[in-house]
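Residues 24 to 293 (the working numbering) make up the sequence shown, in order.
Glycine is no exception: its CB is placed at the ideal position from the N, C-alpha and C atoms.
These figures come from a predicted structure and were not determined experimentally.
Accompanying notes for the structure given below.
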Amino acid sequence: MTAGAFCAGLFPPIGDQIWNKDLLWQPVPLKIQPLKNDRLLLTRGCPKFNQLLSEVLESKEVKDSVLKNKELYDYLTEKSGTNVRNPYDVEDIYSTLKAEEGINLKLPEWTKTVYPSQMEKESARIFTLNTYNNDLIRLKGGPLLKKILNDCQSKMDGKDDYKLKVYSGHDATVANLLRALGTWEEQMPAYNAMAIFELHQGDPDFILKVKLRNSSTHDPYDQKIPGCPDPCNLTKVQELMAPRLPEDLDKECQVTDDGSLEVMPDAVQP
Numbered sequence: 024m025t026a027g028a029f030c031a032g033l034f035p036p037i038g039d040q041i042w043n044k045d046l047l048w049q050p051v052p053l054k055i056q057p058l059k060n061d062r063l064l065l066t067r068g069c070p071k072f073n074q075l076l077s078e079v080l081e082s083k084e085v086k087d088s089v090l091k092n093k094e095l096y097d098y099l100t101e102k103s104g105t106n107v108r109n110p111y112d113v114e115d116i117y118s119t120l121k122a123e124e125g126i127n128l129k130l131p132e133w134t135k136t137v138y139p140s141q142m143e144k145e146s147a148r149i150f151t152l153n154t155y156n157n158d159l160i161r162l163k164g165g166p167l168l169k170k171i172l173n174d175c176q177s178k179m180d181g182k183d184d185y186k187l188k189v190y191s192g193h194d195a196t197v198a199n200l201l202r203a204l205g206t207w208e209e210q211m212p213a214y215n216a217m218a219i220f221e222l223h224q225g226d227p228d229f230i231l232k233v234k235l236r237n238s239s240t241h242d243p244y245d246q247k248i249p250g251c252p253d254p255c256n257l258t259k260v261q262e263l264m265a266p267r268l269p270e271d272l273d274k275e276c277q278v279t280d281d282g283s284l285e286v287m288p289d290a291v292q293p
């Protein structure tokens with residue numbers, strides 16, 4: 024849906040392409056990967072990711088946080104009729120309420136004491152939990168970041184003539200990508216949130232600028248990559264990000280025969 028809306032704005036019909044003067048839209052073909060083949064945004068199954076995330080959710084820090092917010096969890100369980108156990112359950116309810124509010128539906132009275140502020144703060148934690156450590160970053164945010172950096176390198180080497188490449192995913196796609204880059208601040212991504220990577224020709228190296236558009240009423244926010252001077256050249260970004268990029272995603276998604284997990288190297292610290 025997001026990709027379709029983007030293309031509708033990018034390619035408005037002109038002349039004899041206009042078939043309805045009240046609807047300036049024309050069909051634009053989109054290339055969509057089947058879920059089972061999606062290796063870029065990682066919507067397909069990844070056993071190691073599932074196991075690592077389960078370990079994070081069972082960690083003392085996360086359990087202590089849930090205990091600290093027990094009153095909220097108990098209240099949502101009682102009022103929603105679902106078993107609210109962790110931030111993911113809170114976000115499920117929060118996103119439903121936000122969508123209903125967006126189309127001017129009247130929300131239940133019980134939501135007034137917890138929505139939006141209290142629920143939003145707890146819901147935002149899922150975007151940190153998905154990429155809680157370097158192993159999770161490699162699996163969740165690393166694949167797309169690797170593709171973008173490889174595309175930038177191809178452009179710098181004169182092997183790529185594209186001026187624009189667009190990837191359409193979900194709110195978590197943006198959060199995971201910027202978490203991998205080290206610039207994401209815990210927050211709820213707005214509708215139509217967008218990460219922008221700009222490659223500028225420099226001397227002698229190319230410069231990479233990253234922005235986050237998380238509001239329709241504010242210009243995109245510049246993202247400062249930890250450990251990288253401003254301006255930040257592509258070579259330095261590649262050096263900093265190397266430990267966060269998967270070498271063989273299929274292999275790294277596997278759980279070893281004895282049930283243990285291969286430990287990935289720590290990310291470069293700024």
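Which residues does DSSP list as the beta-bridge partners of residue i?
i           : result
residue 244 : 235
residue 295 : As shown, the chain starts at 24 and ends at 293. That puts residue 295 outside it, with no answer to give.
residue 256 : 230
residue 223 : 230
Mind checking whether residue i and residue j have CB atoms under 9 angstroms apart?
i           : j           : result
residue 231 : residue 221 : yes
residue 113 : residue 145 : yes
residue 195 : residue 153 : yes
residue 137 : residue 95  : yes
residue 189 : residue 28  : no
residue 49  : residue 34  : yes
residue 203 : residue 164 : yes
residue 139 : residue 111 : no
residue 71  : residue 197 : no
residue 125 : residue 214 : yes
So with Cβ pairs under 9 angstroms, would you call residue i a contact of chain D?
i           : result
residue 168 : In the structure shown, chain D does not exist; there is a single protein chain.
Are there 16 or more other CB atoms within 10 angstroms of the CB of residue i, so buried, or fewer, so exposed?
i           : result
residue 293 : For residue 293, the predicted model reports a pLDDT of 29, less than 50, meaning its position is unreliable; a value from the coordinates is still stated below. Answer is exposed; the Cβ neighbour count stays below 16.
residue 260 : buried
residue 24  : exposed
residue 225 : exposed
residue 199 : buried
residue 68  : exposed
residue 42  : exposed
residue 254 : exposed
residue 166 : buried
residue 40  : exposed
residue 366 : Not covered by the structure: residue 366. The range shown for the chain is 24 to 293.
- Task: Please specify which runs of the alpha helix (DSSP H), each continuous and at least 4 residues long, are wholly inside the stretch 100 to 184, giving them in chain order.
- Result: Runs of alpha helix (DSSP H) with 4 or more residues, each lying fully within the stretch 100 to 184, are found at 110 to 125, 140 to 146, 149 to 152, 157 to 163 and 165 to 179, listed in chain order.
- Message: With three or more C-beta pairs closer than 8 angstroms as the rule, is the stretch 147 to 161 touching the stretch 74 to 82?
- Response: As far as the Cβ criterion goes, the stretch 74 to 82 touches the stretch 147 to 161, which means the pair count is three or higher.
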